[in-house]
Amino acid sequence: MAVVVLAMKETAPGERRVALTPETVRKLIAAGATVLAQRGLGDGAHFADAAYVEAGAQLVGDDALPQADVVLCVQAPPTDAIARLRPGAALVGILQPDAEPARADALRAHGILAFPLERLPRTTRAQAMDVLSSQAGMAGYKAVLIGAQLAPRFFPMLTTAAGTIRPSKVLVVGAGVAGLQAIATARRLGAQVEGFDVRPETREQIESLGARFLDLGVSAAGEGGYARALTDEERAEQQRRLAAHLAGIDVVVCTAAVPGRRAPTIIDADMVAGMRPGSVIVDLAAETGGNCAVTVPGQTVEVAGVTVAGPLDLASLGATHASEMYARNVQHFVSLLLVDGALAFDWTDELLARTVWPQVPATAPTSGAPA
Ligand code: NAD
């Protein structure tokens with residue numbers, strides 16, 4: 003019998019993305035799966051039910067949940083929906099099981115084989131499945147557009163009959179995937195852009211985008227290409243130099259993160275007060291606490307004449323393209339589970355073994371049969 007893959011309609015507030023698109027329906031069917039899409043699945047991202055049907059999916063309601071062998075989502079489903087999945091079903095999405103004890107309990111209690119995609123090792127082979135990268139790209143892009151919208155200035159230099167306008171100065175804090183996309187976007191809008199990061203290898207990446215690397219005298223390269231947390235002395239030095247520099251910046255886009263921890267506070271209230279009135283801070287890290295001390299997640303506030311935005315769900319603002327990328331990431335991951343049209347779990351594959359939560363089950367299923 004064909005493997006049944008079901009995509010769930012998202013229920014989290016503000017979530018417009020979707021884990022399945024008509025394009026990936028076709029690919030999953032070609033891999034031998036039967037594909038079920040919950041009615042209205044793609045509404046938030048502008049993929050119509052009719053497009054899913056045309057691609058070969060069957061439209062279903064909540065009653066189809068127990069039929070699914072593999073369940074696709076963006077954010078984790080509510081616990082009552084988890085309870086309706088069949089024991090042994092594979093659940094694939096940005097599940098963050100440790101963020102919510104009730105969710106973790108439901109996944110364990112119902113014997114769900116959870117694959118939180120944020121746990122994927124960031125190896126070359128996993129790049130096509132890397133949801134953190136694909137979604138961060140959209141977030142970085144949208145953060146700059148929000149900054150341009152809130153700024154009372156042009157980004158580009160203009161020479162007009164009414165005189166010359168100097169270009170805005172944009173500083174991007176953190177040059178990971180989101181930060182590099184923010185730098186590229188701000189450059190395309192004509193701003194003078196600087197980027198800084200504690201990982202020294204970002205200098206070349208920032209400069210290759212035509213921006214200037216802001217050297218604050220601190221290097222914190224850590225494991226696996228990520229940043230490590232700074233020591234107190236390193237942080238103090240970074241803060242001192244940054245405070246002086248911020249006084250000349252028009253728009254700051256904050257994207258700094260340390261995996262599994264609260265985002266580091268980099269811009270304190272005194273630094274905000276030292277910025278020119280009309281300056282803007284867009285804190286993309288708001289979701290994990292924010293890089294700016296005065297950020298209010300989900301709100302735009304004015305502090306000492308500086309506009310500070312803490313947007314959430316940035317990737318959802320570009321839901322169509324973000325979903326196209328996310329759904330391809332998911333389809334590549336699910337293809338690891340589909341061998342000759344049947345469900346198979348190769349626990350010697352590190353992409354499966356390191357992603358499954360909480361760990362490879364003791365009585366690990368190697369096929370689609372319930373554990
Ligand atoms: P992230 O979202 O965890 O962090 C964003 C950035 O913030 C990072 O560049 C980090 O160095 C920086 N940062 C942390 N603390 C800081 C501080 N105090 N001050 C300034 N900057 C700070 O990172 P990400 O974007 O998900 O990925 C980071 C890097 O991981 C990538 O740039 C890349 O090198 C690597 N990566 C590798 C692969 C792969 O090989 N498949 C895929 C994705 C990312």
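Under the numbering used here, the residue at position 321 of the sequence shown is numbered 323, and the numbers go up by one with no gaps.
By construction, the Cβ of each residue, glycine as well, lies at the ideal position given by its N, Cα and C atoms.
* Any idea which residues DSSP pairs LEU8 with across the strands? -> Here residue 8 refers to the residue found at position 6 of the sequence shown. According to DSSP, which records beta bridges pairwise, LEU8 is partnered with LEU38 and VAL73.
* Asked: Got a sec: does the ligand NAD put a non-hydrogen atom nearer than 6 Å to the Cβ of GLN69?
  -> Here residue 69 refers to the residue found at position 67 when the sequence shown is read from its first residue. The answer is no for GLN69.
* To do: Return yes when the C-beta of ASP199 is under 6 Å from any heavy atom of the ligand NAD, and no when it is not.
  => Position 197 of the sequence shown, counted from the first residue, corresponds to residue 199. Indeed, a heavy atom of the ligand NAD lies less than 6 Å from the Cβ.
* Asked: Around the Cβ of GLN183, are there at least 16 other Cβ atoms within 10 angstroms (buried) or fewer (exposed)?
  -> On the sequence shown, position 181 is the one that residue 183 refers to. GLN183 comes out buried.
* Run the CB neighbour count on THR309, radius 10 Å, all protein chains shown included, and call it buried at 16 or more, exposed below. => Here residue 309 is taken as the residue at index 307 of the sequence shown, counted from 1. Classification for THR309: buried.
* LEU173 to VAL253 span [Cα, whole Å] -> Against the sequence shown, residue 173 aligns to sequence position 171. Against the sequence shown, residue 253 aligns to sequence position 251. Each residue's alpha carbon lies about 6 Å from the other.
* So, VAL332 versus VAL94, is the Cβ gap smaller than 7 Å? -> Start at 1 with the first residue of the sequence shown, and residue 332 comes out as number 330. Start at 1 with the first residue of the sequence shown, and residue 94 comes out as number 92. In contact: VAL332 and VAL94 (Cβ atoms closer than 7 Å).
* To do: Would you mind giving the Cβ-Cβ distance between VAL7 and VAL55, rounded to the nearest angstrom? I have them listed as a contact below 8 Å.
  => One-based indexing of the sequence shown puts residue 7 at position 5. One-based indexing of the sequence shown puts residue 55 at position 53. Their Cβ separation, rounded to whole angstroms, is 15 Å, which puts VAL7 and VAL55 out of contact at 8 Å.
* Spell out a yes or no on whether the stretch 43 to 54 and the stretch 84 to 94 are touching, meaning 3 or more CB-CB pairs, one atom from each, closer than 8 Å. => Counting C-beta pairs closer than 8 Å gives fewer than three between the stretch 43 to 54 and the stretch 84 to 94, which falls short of the contact rule.
* Check the C-beta distance from ALA70 over to PRO24 and give it rounded, since I have them as a contact under 8 Å. => For the purposes of this step, residue 70 is taken as the residue at position 68 of the sequence shown. For the purposes of this step, residue 24 is taken as the residue at position 22 of the sequence shown. The pair is not a contact, with the Cβ atoms about 19 Å apart (cut-off 8 Å).
* **Cβ-Cβ distance between VAL305 and VAL284 below 7 Å** => Taking the sequence shown and counting its residues from 1, one reaches residue 305 at position 303. Taking the sequence shown and counting its residues from 1, one reaches residue 284 at position 282. Their beta carbons are not under 7 Å apart, which means VAL305 does not touch VAL284 by this criterion.
* **The alpha helix (DSSP H) enclosing ALA329, as first and last residue numbers** => As a working mapping, residue 329 is identified with position 327 in the sequence shown. That run of the alpha helix (DSSP H) goes 321 to 339.
* To do: Return helix, strand or coil for ALA371, following the three-state DSSP convention.
  => The residue labelled residue 371 in the question sits at position 369 within the sequence shown. With a pLDDT of 45 at ALA371, under the threshold of 50, the predicted position of this residue should be treated as unreliable, though the coordinate-derived value follows. In this structure, ALA371 counts as coil in the three-state DSSP scheme.
* **Beta-carbon spacing of VAL5, ALA35 below 7 Å** => The residue given as residue 5 occupies position 3 in the sequence shown. The residue given as residue 35 occupies position 33 in the sequence shown. When the beta-carbon positions are compared, VAL5 and ALA35 come within less than 7 Å of each other.
* Using the rule of at least 16 other Cβ atoms within 10 Å of the residue's Cβ for burial, across every protein chain shown, is THR161 buried or exposed? -> Along the sequence shown, one-based indexing puts residue 161 at 159. By the 10 Å Cβ count, THR161 comes out exposed.
* Around the C-beta of ARG216, are 16 or more other C-beta atoms found within 10 angstroms, so that it is buried, or is it exposed? -> For the purposes of this step, residue 216 is taken as the residue at position 214 of the sequence shown. The residue asked about is misnamed: residue 216 is Leu in this sequence, not Arg. LEU216 should be labelled buried.
* Asked: Do the stretch 130 to 138 and the stretch 322 to 342 make contact, defined as three or more Cβ pairs closer than 8 Å?
  -> yes
* Asked: Between which two residues does the alpha helix (DSSP H) containing ILE31 stretch?
  -> Here residue 31 corresponds to residue number 29 of the sequence shown, with the count starting at 1. Looking at the DSSP string, the run of the alpha helix (DSSP H) that includes ILE31 is 24 to 32.
* To do: Go ahead and pull the three-state DSSP assignment for ARG189.
  => For the purposes of this step, residue 189 is taken as residue 187 along the sequence shown, with counting starting at 1. Three-state DSSP puts ARG189 in a helix.
* For the alpha helix (DSSP H) that contains PRO103, what are its first and last residues? -> Here residue 103 refers to the residue found at position 101 when the sequence shown is read from its first residue. Taken as a continuous stretch (DSSP letters only), the alpha helix (DSSP H) holding PRO103 covers 103 to 111.
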